[in-house]
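Chains as they are written, first to last, in the working numbering: chain A, 6 to 119; chain B, 1223 to 1332. Worksheet: the structure to be examined is printed underneath.
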């Protein structure tokens, strides 16, 4: 099992460009999440999904869109990148019905917007 | 508001010394709290959860509702404990959502 994988690992964008980050999990988890990690601010939830075809806003959703067309994939899109979106992005997944709240994280994507 | 506070950005201790990573929370109901750890070049992973009352890698954490705290402790620090530690609080509203603190970097010196 690969667990949670993220593509790409690194990316540099110019302001105004768009891109999509891909998250895939092979654990058949219902729930998936996108976080951003910034120095001194910890992990902040961007968007999440409780199942295929569903998405919901987290703490910092502005400037991002997401889609969950397949259960195993969760895509994060930046339509017009801004320098404030320079960050490390983490995807995570969690099984439904398990009250332990354990989330399984991907390796992260380091994004720089110039 | 549901919030987690980790007051220390960096904690430096010598090998063999006791470790205490502080975590305070704000939550009106019965909280579910967790510690996650991120070792260098590794993924963020669950270290322990308060409901299990377990000890993992020598670490323990006790929920103190009176002080709204969930501090992480280890009696004798090891070099391999050096990592970033995040305290997390389960959020209401379904989806197994968590809110994380800002993290504490633990550095164990020889």
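Even glycine gets a Cβ: it sits at the ideal position worked out from N, Cα and C.
Delimiting residues of the beta strand (DSSP E) encompassing residue i
{"i": "residue 79(A)", "result": "78 to 83"}
{"i": "residue 43(A)", "result": "36 to 43"}
{"i": "residue 1296(B)", "result": "1294 to 1296"}
{"i": "residue 47(A)", "result": "47 to 54"}
{"i": "residue 1(A)", "result": "Coverage of chain A is limited to positions 6 through 119, which leaves residue 1(A) absent and any answer about it impossible."}
{"i": "residue 1306(B)", "result": "1305 to 1312"}
{"i": "residue 1224(B)", "result": "Premise fails: residue 1224(B) is in no beta strand (DSSP E) and is neither H nor E."}
{"i": "residue 98(A)", "result": "92 to 99"}
{"i": "residue 1265(B)", "result": "Where residue 1265(B) is concerned, there is no enclosing beta strand (DSSP E), given that its DSSP letter is neither H nor E."}
{"i": "residue 1247(B)", "result": "1246 to 1248"}
{"i": "residue 60(A)", "result": "Here residue 60(A) belongs to no beta strand (DSSP E), and DSSP marks it neither H nor E."}
{"i": "residue 1275(B)", "result": "Looking at the DSSP string, residue 1275(B) is not in any beta strand (DSSP E), and its letter there is neither H nor E."}
{"i": "residue 29(A)", "result": "24 to 30"}
{"i": "residue 1321(B)", "result": "1320 to 1322"}
{"i": "residue 1302(B)", "result": "Neither: residue 1302(B) is in no beta strand (DSSP E) and is coded neither H nor E."}
{"i": "residue 106(A)", "result": "Looking at the DSSP string, residue 106(A) is not in any beta strand (DSSP E), and its letter there is neither H nor E."}
{"i": "residue 1242(B)", "result": "1241 to 1243"}
{"i": "residue 1331(B)", "result": "1326 to 1331"}
{"i": "residue 65(A)", "result": "Run containing residue 65(A): none; DSSP gives neither H nor E here."}
{"i": "residue 1236(B)", "result": "1232 to 1236"}
{"i": "residue 1290(B)", "result": "It is not in any beta strand (DSSP E) - residue 1290(B) carries neither H nor E in the DSSP assignment."}
{"i": "residue 10(A)", "result": "9 to 12"}
Contact list for residue i against chain A, beta-carbon separation under 7 Å
{"i": "residue 1325(B)", "result": "47"}
{"i": "residue 1254(B)", "result": "106"}
{"i": "residue 1322(B)", "result": "47, 48"}
Within chain B, partners of residue i - CB distance below 8 Å
{"i": "residue 36(A)", "result": "1317, 1318"}
{"i": "residue 110(A)", "result": "1265, 1266, 1267"}
Residues that residue i contacts on chain B, provided the C-beta gap is smaller than 7 Å
{"i": "residue 99(A)", "result": "1318"}
Beta-carbon separation (whole angstroms), residue i vs residue j, contact threshold 8 Å
{"i": "residue 58(A)", "j": "residue 41(A)", "result": "Actually they do not touch by this definition, with Cβ atoms about 24 Å apart."}
{"i": "residue 65(A)", "j": "residue 87(A)", "result": "Contact flag wrong, Cβ pair sits at about 13 Å."}
{"i": "residue 1270(B)", "j": "residue 1257(B)", "result": "5 Å"}
Contacts that residue i makes with chain A (C-beta to C-beta distance below 8 Å)
{"i": "residue 1308(B)", "result": "47, 48"}
| Given 8 Å, three or more beta-carbon pairs between the stretch 109 to 117 of chain A and the stretch 1275 to 1282 of chain B | As far as the Cβ criterion goes, the stretch 109 to 117 of chain A does not touch the stretch 1275 to 1282 of chain B, which means the pair count is below three.
| query | Okay, do the stretch 1295 to 1313 of chain B and the stretch 1236 to 1243 of chain B touch, 3+ Cβ pairs below 8 Å being the bar? | reply | Touching, yes.
| query | Are three or more beta carbon pairs between the stretch 1283 to 1296 of chain B and the stretch 85 to 99 of chain A nearer than 8 Å? | reply | Too few Cβ pairs lie closer than 8 Å, so no.
| Against chain B: residues of the stretch 50 to 61 of chain A by CB proximity under 9 Å | Taking 9 Å as the cut-off between beta carbons, the residues of the stretch 50 to 61 of chain A near chain B are 50, 53, 54, 55, 61, in sequence order.
| task | Mind the definition here: the stretch 29 to 42 of chain A touches the stretch 67 to 77 of chain A only if three or more C-beta pairs lie below 8 Å; say whether that holds. | result | Touching, yes.
| said: Closer than 8 Å is the cut-off here; do at least three beta carbon pairs connect the stretch 7 to 26 of chain A with the stretch 1299 to 1315 of chain B? | reply: With the cut-off at 8 Å, the stretch 7 to 26 of chain A and the stretch 1299 to 1315 of chain B do not touch.
| request: Name, going along the chain, the residues of the stretch 79 to 94 of chain A whose beta-carbon falls closer than 9 Å to a beta-carbon of chain B. | output: Under the 9 Å Cβ criterion, the stretch 79 to 94 of chain A contributes no residue.
| Where the stretch 1264 to 1296 of chain B meets chain C: residues whose CB sits under 9 Å from a CB there | The structure shown contains no chain C; its protein chains are A and B.
| query | If you measure beta-carbon to beta-carbon, which residues of the stretch 1224 to 1241 of chain B are closer than 9 Å to chain A? | reply | If you check each beta-carbon in the stretch 1224 to 1241 of chain B against every beta-carbon of chain A, the ones closer than 9 Å belong to 1226, 1228, 1231.
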